[in-house]
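For the sequence shown, the positions run 1 to 453 when UniProt numbering is used.
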Amino acid sequence: MTDLITRALRNATDTRAVVIGEGAVERTGEVFTELFGTTRAVVVADERTFALAGKRVSESLAAAGVELADPHIFPGEPELYAKYENCEALRDALAPVDAIAVAVGSGTLNDITKRASGELGRPYMVVGTAASMDGYTAFGSSIALDGFKQTLSCPAPCGCVADLTVMSAAPQVMTASGYGDLLGKIPAGADWILSDVLGIEAIDQGVWELVQGPLRGAVSRPAELAVGDVSATGELVEGLLMSGLAMQAHQSSRPASGAEHQFSHLWEMEGHGVDITPRRLSHGFKVGIGTVAIAALYERLLARDLTGLDIDAAVTAWPTREGLEAGVRELHPDPRLVEETVVQALAKWLPPERLRVRLELLVAVWPELSVRLREQLLPAAELQGMLRAVGAPAHPQDIGLGWDRFRETYVRAQMIRKRYTVLDLALETNLLGELVEELFAPDGFWGRQAPGH
Numbered sequence: 001m002t003d004l005i006t007r008a009l010r011n012a013t014d015t016r017a018v019v020i021g022e023g024a025v026e027r028t029g030e031v032f033t034e035l036f037g038t039t040r041a042v043v044v045a046d047e048r049t050f051a052l053a054g055k056r057v058s059e060s061l062a063a064a065g066v067e068l069a070d071p072h073i074f075p076g077e078p079e080l081y082a083k084y085e086n087c088e089a090l091r092d093a094l095a096p097v098d099a100i101a102v103a104v105g106s107g108t109l110n111d112i113t114k115r116a117s118g119e120l121g122r123p124y125m126v127v128g129t130a131a132s133m134d135g136y137t138a139f140g141s142s143i144a145l146d147g148f149k150q151t152l153s154c155p156a157p158c159g160c161v162a163d164l165t166v167m168s169a170a171p172q173v174m175t176a177s178g179y180g181d182l183l184g185k186i187p188a189g190a191d192w193i194l195s196d197v198l199g200i201e202a203i204d205q206g207v208w209e210l211v212q213g214p215l216r217g218a219v220s221r222p223a224e225l226a227v228g229d230v231s232a233t234g235e236l237v238e239g240l241l242m243s244g245l246a247m248q249a250h251q252s253s254r255p256a257s258g259a260e261h262q263f264s265h266l267w268e269m270e271g272h273g274v275d276i277t278p279r280r281l282s283h284g285f286k287v288g289i290g291t292v293a294i295a296a297l298y299e300r301l302l303a304r305d306l307t308g309l310d311i312d313a314a315v316t317a318w319p320t321r322e323g324l325e326a327g328v329r330e331l332h333p334d335p336r337l338v339e340e341t342v343v344q345a346l347a348k349w350l351p352p353e354r355l356r357v358r359l360e361l362l363v364a365v366w367p368e369l370s371v372r373l374r375e376q377l378l379p380a381a382e383l384q385g386m387l388r389a390v391g392a393p394a395h396p397q398d399i400g401l402g403w404d405r406f407r408e409t410y411v412r413a414q415m416i417r418k419r420y421t422v423l424d425l426a427l428e429t430n431l432l433g434e435l436v437e438e439l440f441a442p443d444g445f446w447g448r449q450a451p452g453h
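Below is the structure:
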């Protein structure tokens, strides 16, 4: 285990043990007894993951002297989906069983087991089978409820075992998904820098290092990841697990999530891809597209010298609270989503005099801030190439997004979370419309890639 993970565990609120390595599944029993003593265990898997690793997990637990309840095995087909009904089914199956769940699988099984265990007030641990997302060690589960994906509150696992032999042999699309999720930490870091410099949300340097420290190395080998290289998979897995541990330490997803995730969240909230199997349209695939989109926006923003920003014009163009709410309601007509979206958007609204103070600060710090942002970011075209090299979608059409809907996301995604990002900066400076126009102009980053171009 690396020094960074050891340090991260010291600050994590729920997770106390992480084991990464080839053949790590054989250490499941050791980790379980270290965490829970001689408590009974119940393996939770689907037919595929039970055959892949669940049997060996059971053997490792038994060899460590752990008593096993009958495993709970979901069908392998159709592909398991993280919907709340599956959480309820697992919760009800586990309720009469005095045992701690050991999830064997990837994002879906982990999220279902995490929520079911959380509702029962029980700890759990996970044995990951694919490097497909950063949620293994994160608190909260991404669950479909009332027709759209939501993050439901629940504690992170007490332990996580990541067997690189198993993970490197996982379907390539799953590794590509994890890569897309991790790549999003690059623009997310830029968003945190913005928020920190403008006095909105300070960077915790220790937490920052947990995510950003291993990040460049973890995303540097996409072609090797595409062919299942074990070493490259190990770096990716470490980066993903570090992100979850950083979120625990910070008690917020800020270290690992910015505007790129708001793109993904908006599409998920509105059910985009809900009828497509998770492997074909995963969270990480949507985050990857969001990552390219936000990097492209940053490029247009950084092409401007904001020391010459017309602050008077920006303050004059700033909507009233009532005007902002009306705009949110117009752009988010879904009655299931609009009220919470209004709450999130209004949480960021500033009175004009406070906006003026923020913009004056922005103008003063822009020379230094723009340098820091450039150092943090990668070019959008380079990010697209990295996604393609790993086998992930790199263009909105790759995930079935209509062109107009994709363009509107630049405006609509800003409203759905109170977190401050580059979308807010662009809105507050009265530049968002111009920047998006530049991106979609015939010679712009997206205009050159428009359908039929």
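A virtual CB, placed ideally from N, CA and C, is assigned to each residue, including glycine.
Keep in mind the model is a prediction, meaning the values are calculated, not measured.
- Assignment of alpha helix (DSSP H) within the region 233-259, counting only whole runs of 4 or more residues, yields no such run.
- DSSP, reduced to helix, strand and coil, places V211 within a helical segment of the structure shown.
- For S220, the secondary structure class from DSSP, reduced to helix, strand or coil, is coil.
- Distance from the CA of E224 to the CA of D398, rounded to the nearest whole angstrom, comes to 22 Å.
- In the same chain as F50, and ignoring 5 residues on each side of it, the C-beta atoms closer than 6 Å to its own belong to I73, in chain order.
- Where L383 is concerned, the enclosing alpha helix (DSSP H) starts and stops at 380-390.
- By the criterion of a C-beta distance shorter than 7 Å, V57 is surrounded in its chain by V25, T28, V43, V102, V104, V127, once the five residues flanking it on both sides are discounted.
- In this structure, the beta-carbon distance from L361 to V411 does not fall below 8 Å.
- Under DSSP, the beta-bridge partners assigned to F74 are D46.
- With a threshold of 16 other beta carbon atoms within 10 Å, T320 falls short and is exposed.
- The beta strand (DSSP E) runs of length 3 or more contained entirely in the region 145-217 are, from start to end of the chain, 148-152, 159-163.
- By the 16-neighbour rule on beta-carbons within 10 angstroms, A326 is exposed.
- If you look at G105, you'll find it in the beta strand (DSSP E) that goes 100-105.
- By the criterion of a C-beta distance shorter than 7 Å, R16 is surrounded in its chain by L9, L35, C158, G159, once the five residues flanking it on both sides are discounted.
- Assignment of beta-bridge partners to V227 by DSSP yields no partner.
- The beta-bridge partner set that DSSP reports for V19 consists of V161.
- Secondary structure in the region 104-143: the beta strand (DSSP E) runs of 3 residues or longer, each lying completely within the stretch, are 124-128 in chain order.
- Counting along the chain, the unbroken alpha helix (DSSP H) around H283 starts and ends at 283-302.
- Annotation: P78 to V197 spans about 48 Å, alpha carbon to alpha carbon.
- Nearest in C-alpha terms to T2, of all of G213, M269, P155, is G213.
- CA-to-CA, the gap between V422 and M386 works out to about 22 Å.
- Under the three-state reduction of DSSP output, K83 falls in the strand class.
- Of the other Cβ atoms in all chains shown, fewer than 16 fall within 10 Å of the Cβ of V371; this residue is therefore exposed.
- When DSSP reads this structure, A450 sits in no beta bridge, so it has no partner.
- The DSSP-derived three-state label of A95 is coil.
- With respect to T409, L359 sits apart: the two C-beta atoms are not nearer than 8 Å.
- G234 is a Cβ neighbour of L164, given a cutoff of 8 Å.
- Membership of R372 in the alpha helix (DSSP H) is indicated by the continuous run 352-376.
- Each residue's CA atom was taken as its position, placing R300 and P451 some 21 Å apart.
- Per DSSP, the beta bridge partners of A41 are L68, I100.
- Around I186, the same chain offers L215, V219, T291, A295, Q376, L377, L378, L383 as residues with beta carbons nearer than 8 Å, after the five sequence neighbours per side are excluded.
- The three-state reading of DSSP puts H261 in helix, counting H, G and I together.
- In the pairwise beta carbon analysis, the region 241-248 is classified as not touching the region 166-180: fewer than three pairs are separated by under 8 Å.
- Within the same chain, Cβ atoms closer than 6 Å to the Cβ of G180 are found at G284, F285, V287, G288, A392, the five residues on either side in sequence being excluded.
- For W403, the secondary structure class from DSSP, reduced to helix, strand or coil, is helix.
- Here the C-alpha atom of G107 lies approximately 11 Å from the C-alpha atom of T137.
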